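Sequential numbering of the sequence shown, starting at 16, is according to my numbering.
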Amino acid sequence: MSDTTSSRPYWASRWENKFDAALASVLRRRGWVPRVEPYTGYGLAPGEDATDDGWVRVLGRVVLAPAHRATARDRAAAGRGGRADDPTAVAESSAPTPRRLGRPRAEGPEPLRAVRGWRSFLTAQLPGAPVVITVDGTEHRVVADRGGYVDVVVPSRTDEGWHEVQVAPVGGPSVTAPVRVVGRQVRTGLVSDVDDTVMVTSLPRPLTAIWNLLVLHEDARRPVRGMADLYAEIDSLEDQLPVVYLSTNTWNGAAALRRFFAFHGFPAGPMLLTDWGPTNTGWFRSGREHKFHSLERLARELPHVRWILVGDDGQHDPLIYSRFAQMYPDHVRAVAIRQLSAGEQVLAHGAPGPTVQARAGMSAGAGASVPVVSAPDGARLRRALRSAGVLPDPRGHAGEAGPATMEP
């Protein structure tokens, strides 16, 4: 969430800062109060050694809302386990239950909402807002960044599993932010792209992106065939297997994405998204750098986890994953790339085949110790991962990771 720093921020960033400050001043005079939109975070459980403390990464955004609306949201959230940011949410302790093999499809807390995507962008962030985070009874005072975002790591003695921490802006109501704490015995995790990997969106073609994000109803978005079943099988590899959704989607759409995952049977997990708009160095953030640096951070923070990386060949995922696997082979268990159809490729970047970067990433591979598989949908990716020894044999025999496997 933080920008690359510079001695003098980009001019568009300076103008955005002035606009946000002026808007916040006007809204405060009208009686608006700060509230927090919490996002799902993650953490590491403490070790057996008393000095080996755990931690949690708390994510959220401070925005302004009319006092009556913030109070109503807070009251309603209390009845749902404290989730003030999502009118369809339930307590994260009972939250989107991962769809295990042999069990009925998990249903979302409520059906997807028939609302236009642009509504999620009507926010008034509060830069530099003071925030109090309470974890294990200890208060931690932090300050939101220029976009109103809170992204901090605080100490924790919380055991593995789903938990909630209290987050309160000074002068506003307290809400609970869900965190997924990873145990130190866990050895496998899943990192997944979103657009055209689990959800058919045909991004990032500009006009299509505007239509999908600002105009299209939530309930009109479609899952990629077979991916929920694939993720259910991956989720069955270990108890408490962590799932992270890594995307260049904007944080404004986090609640809609969470509802989409729950409704279509994808396992719950933290999302690492981006903030659209000017940065300290230019008009837009680098999506490739966001994904690569997020993977590097996961490798540093959870060094005992080997990740199954899932993406698509519509843009840069093969190159990003290949680069990461070659630099950090001990942190990657496998790479799985969904092949887009010719039509999807045209919508994604204007040509009927993969981009030069995607072809370069696939041809470069991920090193001799990391299997790379590719297929058009989740069912064939499952078969490819089984052939590579990443997923257990359906007859009950688990194999070792094998060579790269491609499916037409």
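Just so it is clear, CB atoms sit at the ideal spot from N, CA and C, and this is done for glycine as well.
Given the structure is predicted, the values throughout are model-derived calculations rather than measurements.
Close CB contacts of L288 within its chain, under the 7 Å cut and outside five residues either way in sequence, are with S262, N264, T265, W266, A269 (chain order). If only uninterrupted beta strand (DSSP E) runs of at least 3 residues are considered, those enclosed by the stretch 169-218 are 176-184, 190-197, 203-207. A residue is called buried when at least 16 other Cβ atoms come within 10 angstroms of its Cβ; V325 meets this threshold and is buried. Of all C-beta pairs linking the stretch 179-186 to the stretch 197-212, fewer than three are shorter than 8 Å, placing the two stretches out of contact. S356 is classed as exposed because its beta carbon has fewer than 16 other beta carbons within 10 Å across all chains shown. Scanning its chain for C-beta atoms nearer than 6 Å, with the 5 sequence neighbours on each side dropped, one finds around V388 the residues A351, A399, L400, A403, T420, in chain order. Using a Cβ distance threshold of 8 Å, A192 and G62 do not count as a contacting pair. Put simply, of L79, R348, G58 the residue whose alpha carbon is nearest the alpha carbon of R45 is L79. Taking C-beta atoms under 8 Å as the contact rule, V167 and V157 qualify, at a distance of about 5 Å. Per DSSP, the continuous alpha helix (DSSP H) segment holding A394 begins and ends at 393-402. In this structure, DSSP gives D327 an extended state, which the three-state scheme calls strand. Closest in C-alpha terms to I323, from the list A340, Q330, E316, P391, comes A340. Ranked by how close their Cα comes to the Cα of R50, the residues D392, Y246, R161, V77 have V77 in first place. Within a 10 Å sphere around the beta-carbon of R312 sit fewer than 16 other beta-carbons, which makes this residue exposed. Contact between V239 and R353 holds, since their C-beta atoms are separated by about 7 Å, short of 8 Å.
Here G69 has G58, L59, A60, P61, G62, P170, S171, R172, T173, V196 as same chain residues with Cβ atoms under 8 Å from its own Cβ, once five neighbours each way along the sequence are excluded. In chain order, V51, E52, P53, Y54, V165, V182, A192 place their CB closer than 7 Å to the CB of G75, counting only its own chain and leaving out the 5 sequence neighbours on each side.
Here the alpha carbons of R274 and V258 stand approximately 16 Å from one another. Contact annotation: V320 and V194 have beta-carbon atoms that are not nearer than 8 Å. The beta carbons of D67 and D211 sit no closer together than 8 Å. Sequence-distant Cβ neighbours of F281 in its own chain, meaning closer than 7 Å and more than five residues away, are V213, A243, Y246. Around the C-beta of D64, fewer than 16 other C-beta atoms lie within 10 Å, and the residue is accordingly described as exposed. Using a 10 angstroms sphere on the CB of Q140, the tally of other CB atoms reaches 16 or more, which defines it as buried. Following the DSSP letters along the chain, one finds E154 inside the beta strand (DSSP E) bounded by residues 153-158.
If you ignore the 5 residues before and after V150, its C-beta comes within less than 7 Å of the C-beta of V71, V169, S171, V180, all in its own chain and listed in chain order. In the structure shown, S337 adopts helical secondary structure according to DSSP, grouped into three states. The beta-carbon distance between R303 and H346, rounded to whole angstroms, is 18 Å. This is too long to meet the 8 Å contact definition.
In this structure, the straight-line span from the alpha carbon of G329 to that of D208 is close to 11 Å. Per DSSP, G358 has no beta bridge partner at all. Counting the other CB atoms within 10 Å of its CB gives E154 a total below 16, which places it among the exposed residues.
By the 16-neighbour rule on beta-carbons within 10 angstroms, A349 is buried. Under the DSSP assignment, R72 falls in the beta strand (DSSP E) whose first and last residues are 69-81.
Our two residues, S251 and L406, have alpha carbons roughly 10 Å apart in a direct line. Closest in alpha carbon position to P142, among G162, G187, G284, is G162.
Between G358 and G241, the C-beta gap is not smaller than 8 Å, which leaves the two residues out of contact. Per DSSP, the continuous beta strand (DSSP E) segment holding A351 begins and ends at 347-353.
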